[in-house]
Amino acid sequence: MREFYTILGIETGASASDVRRAYRKLARKYHPDINPGNTAAAERFSRIAEAYEVLCHPRKRDYYDTHGYYDEGALQEKPERRLGFSFEGFAASESEKPGFSELFEDFFAEVRSRRQPPVSIDIEAQVSLTFHESMRGVRAAVPVFRRRACDDCRGLGRRPRARAYACPTCTGSGEIVRSRGRLRFAMTCPECEGGGRLAPACASCRGEGRRASSERAEVDIPAGVASGSRVRYPGRGDTDPGTGRTGDLIVATHVDDDPFFQRVGDNVHCTVPVSVSEASLGARIEVPGLDGALTLKVPPGTQSGQKLRLRGRGAPSLRDSEARGDLYVAIQVVIPRALDERSKEILRELGDLNAVDRERKRARGR
Ligand SMILES: [Zn+2]
Ligand SMILES: [Zn+2]
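According to the numbering used here, the residues represented by the sequence shown are 334 to 699, in order.
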């Protein structure tokens, strides 16, 4: 019979401030925002809120005490009078004891911490590329963990059409009373922002206003990225439910080492073997480039270890899409392992004609 009183754990004769105190105490324990995902707590809280809705309201409480039940519409037949008293039960009364704000300090702290916008709404992902992919640019699908505005509540975190309940922090008044020494002042309730009422938390996002999902983001990696490059894709990060703003996706690239090409800045280095006669007499040889074979002119008398430059054949610059670095080709002269008598004969003859005694002496003298 006195079910609402039992739910709030109070006597049938409890005063209005006892009702409020009981509601606050229970709300602190069973409020859905404090128990995300706990359906038992949510159910319990909705019964607590329902009981408080009636018992905090003198006319509704009267009706309930007389009839043993209350439903919306019971007092509906006198709409002009409803206006007069609809807020009297919620008024911040003089009976508020100093110390109440201290009691709720931790509750506010919890509410505030949940409402603080995330530190960053940018998200990060990593992608690994081969050297050649990094030179050409590539479309990649990178796994990301992204939080977007909840579709069901449009990011509000509250069920849009559900029945509102009295805010447990201010018990419906929209204001809380704080005291500093002998000073007492009212301030707007931070939980309901002065509205006094809250709709139940959205079940889909548990009141957070956004939902997390693992997805694969298709991104175009520009030509020229190196290991440790960070490419920014605007508007593809997390959504902040408070402001509706969406951050960026930042993709950090890792580029595998290539056995042939080494990148230094925007320049690329490689080593190409050349025969003694090519190095000595000069030649046009074919060398592998970044986008296909290139012709390299080896000048006569080229020494082993000498580097030849192919201008503008290096890595594409990330700063300037038109610009490219250079390709440096290190010459490695391959000394033939003399196999047959004829080759030995030619090499001996070559040695007699091109003695390096002078160079050797000069080297020793240093
Ligand atoms: Zn939602
Ligand atoms: Zn409030």
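No residue lacks a Cβ here, since even glycine has one placed at the ideal position from N, Cα and C.
#### Entry: Between the CA atoms of THR521 and GLU386 - distance to the nearest angstrom
21 Å
### Message
For a test of the three-state rule: what should DSSP assign to THR372, helix, strand or coil?
### Response
The three-state reading of DSSP puts THR372 in helix, counting H, G and I together.
### Query
Is any heavy atom in ligand 2 found nearer than 8 Å to the beta carbon of ILE456?
no
#### Entry: The alpha helix (DSSP H) enclosing PHE337, as first and last residue numbers
Unbroken alpha helix (DSSP H) run through PHE337: 336 to 341.
### Task
Could you tell me the distance, in whole angstroms, from the CA atom of PRO450 to the CA atom of PRO574?
For PRO450, the pLDDT reaches just 48, beneath the cut-off of 50, and the residue's location in the model is therefore unreliable, leaving the point undetermined.
### Cβ-based burial, GLY417 [other Cβ within 10 Å; buried from 16]
For GLY417, the predicted structure reports a pLDDT of 29, less than 50, and the residue's modelled location is therefore unreliable. A value from the coordinates is still provided. GLY417 should be labelled exposed.
### Message
Going by beta-carbon coordinates alone, are GLY622 and ARG596 separated by less than 9 Å?
### Response
The answer is no: Cβ separation not under 9 Å.
### Query
Which of helix, strand or coil does DSSP assign to ALA536?
coil
### Query
DSSP state of GLU551, grouped into three classes?
strand
### Task
Using beta-carbon positions only, say whether CYS483 and CYS538 come within less than 9 Å of one another.
yes
### Message
For LEU531, tell me which candidate among ARG480, GLY342, ALA382 has the shortest Cα-Cα distance.
### Response
ALA382
### Task
Indicate whether the contact test is met: 3 or more Cβ pairs, each with one atom in the region 659 to 678 and one in the region 627 to 636, closer than 8 Å.
yes
### 8 Å CB neighbourhood of LEU462 in its chain, flanking five on each side removed
VAL471, ALA473, ILE554, VAL558, THR586, HIS587, VAL588, ASP589
### Message
Just to confirm before moving on: does the CB-CB distance between ALA536 and ASP485 stay below 9 Å?
### Response
yes
### Query
What do you get for LEU683, buried or exposed, if any count of 16 or more other CB atoms within 10 angstroms of its CB means buried?
exposed
#### Entry: Cβ separation of VAL477 and ALA550, assumed to be a contact under 8 Å, to the nearest whole Å
5 Å
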